[in-house]
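Following: one structure in structure tokens, then a few remarks.
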Amino acid sequence: MVLLNWTKISGGAKSALLLSTLFRIASATTLETSQQIFQDTHIQTTPSTCLSKSSTIVDLVDCLDIFTVPPGFYTPESYDLAQPTPEELKGWNRTILNLLDLDVRQGPLNNARVGGWAYNITDECTPVLLDASLKANFDVTTFTDRSTQRPFCVLYEHTIYTSQSSYVRGWGLFAVPLDSDPIFLLGYDYTITQPSSQAIHISAPHPQFDRGTPQQAAAVFGSPKVGAKSLLIAGRIRMAFKEKTGCIPSPKGMNYTKTDPAHDDAQPFFTASLSLYEWQMAQGGCPPSTCAFIQFHGKGPSTCPTDTMFLSTGLGMSSFRRNSSSWYTDSIDRPIKRLQQNLKQVFPDWNATLPSDSTCSLVAANNIVGRFTNGIKPERVCREASNATLATGQFIHIEQAPVARAAEVHEKWIEAIAATFA
Ligand SMILES: [Zn+2]
59 MVLLNWTKIS GGAKSALLLS TLFRIASATT LETSQQIFQD THIQTTPSTC LSKSSTIVDL
119 VDCLDIFTVP PGFYTPESYD LAQPTPEELK GWNRTILNLL DLDVRQGPLN NARVGGWAYN
179 ITDECTPVLL DASLKANFDV TTFTDRSTQR PFCVLYEHTI YTSQSSYVRG WGLFAVPLDS
239 DPIFLLGYDY TITQPSSQAI HISAPHPQFD RGTPQQAAAV FGSPKVGAKS LLIAGRIRMA
299 FKEKTGCIPS PKGMNYTKTD PAHDDAQPFF TASLSLYEWQ MAQGGCPPST CAFIQFHGKG
359 PSTCPTDTMF LSTGLGMSSF RRNSSSWYTD SIDRPIKRLQ QNLKQVFPDW NATLPSDSTC
419 SLVAANNIVG RFTNGIKPER VCREASNATL ATGQFIHIEQ APVARAAEVH EKWIEAIAAT
479 FA
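Residue numbers for the sequence shown follow this note's numbering, beginning at 59 and rising by one.
Right under this line is the structure:
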């Protein structure tokens, strides 16, 4: 999405802010008049107030986390109503692509300031990026992290049921960075929207259930040291609708529900993951030195108790033992191997393990984003696992003990991930 505007001596970031403010006022008017808004003046916090009162991207994600659709919320009827229509789903995926396109440099005159006038053919974070089909429930706006001064473009749901502090639709949150950097070229002062230096895509599919992972994902995504390209967080707790998914059969003693985006392909989180992947491939691929799709998860302290952080790429144990015993240990450079080494460095007292040095069974072989990233077609992810021949190494699934996802160690994670993609 490219907008053309003229601005008298103002940087790209400044004009972006001005424009987004104007659009926020315009969208607030729409918001008040919409029949589908469930606002209550007695409620102090709404998703929109989270945007205005949060000072960092972690605060923002933490504030929005309370609207995650809670356990057992859905009946079959209410679930059907909350799910996107085919048109809305297309709009959701289109909007995600619009945001991803935001900071791709399209040429040296993408955003130029000449003399006293700014000639901007620039990418701005405005509600124009939001597909028309989503306007009743979603918004796109700029959010600036006050601790780093980094602006982000955020797609979020603004509608909630105030009686239950729950999103009305619950599809999730998506964000990209909006960095711009002034440079001086051929005697002219240009502001060029910088592409993110890394193609790191961070996600948290299990809000509230894997406690702390949305905030951890936001901390890593928001750090200028990491330079991540996107953040995706699911909007429903995995058991918001307790009915079993028809996608991945539940293993013994477990319940893969219809609202678990790691195991149900009808979740907007999953389709967003497909869009992200396809977008990345269209940029020339996902080189192991700079690119990965990282999912943060949390496990209970009694599950795999000796593995503080257990990393896997989504290969099943049987496949691992039979065909891929060397996948994690061969000489091929893979981001997951570098990350394990860097985690060992920054957390010397904790165990950072791979399937090759642990018996932990949380290898993510049933994770449908992992299956897709590892070469399985979207229409087959529910019934076909990947294998060592197909595995790309682009998917990094991280299971963690509670201590490893605490706010106190966010900086350590930033350090390890930044070093992995340096
Ligand atoms: Zn999880």
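Yeah, the Cβ is synthetic: ideal placement off N, Cα and C, and Gly gets one too.
Among L187, I426, C418, whose alpha-carbon lies nearest the alpha-carbon of C211?
Position 153 of the sequence shown, counted from the first residue, corresponds to residue 211. Nearest C-alpha to C211: L187.
Kindly indicate which three-state DSSP category I218 falls into: helix, strand or coil?
Sequence index remark: in the sequence shown, residue 218 carries index 160 (1-based). In the structure shown, I218 sits in a strand (DSSP, three-state: E or B).
According to DSSP, is L209 helix, strand or coil?
Taking the sequence shown and counting its residues from 1, the one referred to as residue 209 is at position 151. The amino acid occupying residue 209 in the given sequence is Pro; Leu does not appear at that position. The answer is strand: DSSP assigns P209 an E or B state.
In terms of residue numbering, what span does the beta strand (DSSP E) encompassing C349 cover?
Along the sequence shown, read from residue 1 onward, the residue named residue 349 stands at position 291. Counting along the chain, the beta strand (DSSP E) containing C349 begins and ends at 349-354.
Quick check: what's the CA-CA separation for L289 versus E336?
Looking up residue 289 in the sequence shown gives position 231. Looking up residue 336 in the sequence shown gives position 278. If I take the Cα positions, the gap works out to 16 Å.
Hey, L420 and K470: beta-carbon distance below 9 Å or not?
The residue you call residue 420 lines up with position 362 of the sequence shown. The residue you call residue 470 lines up with position 412 of the sequence shown. At a Cβ-Cβ threshold of 9 Å, L420 and K470 do not count as neighbours.
In chain order, what residues of the same chain lie with their CB nearer than 6 Å to the CB of H216, ignoring the 5 residues before and after it?
Position 158 of the sequence shown, counted from the start, is the residue given in the question as residue 216. Closer than 6 Å at Cβ, skipping near neighbours: P105, S106, D197.
Going straight from the alpha carbon of E90 to that of S281, what length do you get?
Position 32 of the sequence shown, counted from the first residue, corresponds to residue 90. Position 223 of the sequence shown, counted from the first residue, corresponds to residue 281. With a pLDDT of only 38 at E90, under the threshold of 50, the placement of this residue in the model should not be trusted; the figure read from the coordinates follows. Answer to the nearest angstrom: the Cα atoms are 35 Å apart.
Looking at the unbroken alpha helix (DSSP H) that takes in V116, where does it start and where does it end?
Stepping through the sequence shown from its first residue, residue 116 is reached at position 58. Where V116 is concerned, the enclosing alpha helix (DSSP H) stretches over 115-123.
Any chance you could list the residues with Cβ under 5 Å from a heavy atom of ligand 1, keeping chain order?
H264, D268, H355
By the DSSP assignment, the alpha helix (DSSP H) with M339 in it spans what residues?
Working through the sequence shown from its first residue, we reach residue 339 at position 281. Where M339 is concerned, the enclosing alpha helix (DSSP H) stretches over 326-340.
Hey, how far is the Cα of S384 from the Cα of L160?
Locating residue 384 in the sequence shown gives position 326, where the first residue counts as 1. Locating residue 160 in the sequence shown gives position 102, where the first residue counts as 1. Taking the straight line from one Cα to the other gives about 39 Å.
Per DSSP, what are the beta-bridge partners of K302 in this structure?
Translated into positions along the sequence shown, residue 302 becomes position 244. Answer is T315, bridged to K302.
Could you work out which residue in N409, R294, E466, F232 is closest to V127 when comparing CA atoms only?
The residue labelled residue 127 in the question sits at position 69 within the sequence shown. Here the closest residue by C-alpha is R294.
Which value, in whole angstroms, describes the spacing of the CA atoms of I434 and A324?
The sequence position of residue 434 within the sequence shown is 376, counting from 1. The sequence position of residue 324 within the sequence shown is 266, counting from 1. Cα to Cα, the separation comes out at about 16 Å.
Which residues bound the beta strand (DSSP E) around F267?
Looking up residue 267 in the sequence shown gives position 209. No beta strand (DSSP E) holds F267; DSSP gives it neither H nor E.
Can you give me the C-alpha to C-alpha distance between Y137 and D318, rounded to a whole angstrom?
As a first step, residue 137 must be located in the sequence shown, where it is residue number 79. As a first step, residue 318 must be located in the sequence shown, where it is residue number 260. If you take the alpha carbons of Y137 and D318, they lie about 13 Å apart.
So the candidates are L122, P129, L109, D120; which of them puts its Cα closest to the Cα of F299?
As a working note, residue 299 is residue 241 in the sequence shown. With distances taken between Cα atoms, F299 lies closest to P129.
Find out if the Cβ-Cβ distance for the pair A277, F327 is shorter than 9 Å.
Within the sequence shown, residue 277 is the residue found at index 219, counting from 1. Within the sequence shown, residue 327 is the residue found at index 269, counting from 1. Not in contact: A277 and F327 (Cβ atoms no closer than 9 Å).
Short check: CB of A233 to CB of L213, under 9 Å?
Translated into positions along the sequence shown, residue 233 becomes position 175. Translated into positions along the sequence shown, residue 213 becomes position 155. Closer than 9 Å, so yes.
Could you tell me the alpha carbon to alpha carbon distance between L236 and D203, rounded to whole angstroms?
Taking the sequence shown and counting its residues from 1, one reaches residue 236 at position 178. Taking the sequence shown and counting its residues from 1, one reaches residue 203 at position 145. One C-alpha to the other measures close to 11 Å.
Could you name the residues that DSSP lists as bridge partners for P235?
Translated into the one-based positions of the sequence shown, residue 235 becomes position 177. F210, per the DSSP bridge assignment.
Suppose the cutoff is 7 Å on Cβ atoms and the five residues either side in sequence are ignored; what does the same chain contact list for F267 look like?
Counted from its first residue, the sequence shown places residue 267 at position 209. Taken in chain order, the residues that qualify are I295, R296.
For R152, name the three-state secondary structure that DSSP assigns.
The count along the sequence shown starts at 1 and reaches residue 152 at position 94. Of the three classes helix, strand and coil, the one that applies to R152 here is helix, per DSSP.
Under 6 Å Cβ to Cβ from A286, same chain only, skipping five residues before and after it: list those, please.
Stepping through the sequence shown from its first residue, residue 286 is reached at position 228. Result list for A286: I258, I260, F279, in chain order.
What does a CB cutoff of less than 7 Å around Q274 pick up in its chain, not counting 5 residues either side in sequence?
Position 216 of the sequence shown, counted from the first residue, corresponds to residue 274. Cβ neighbours of Q274 beyond the five flanking positions: F354, R463, H468, W471.
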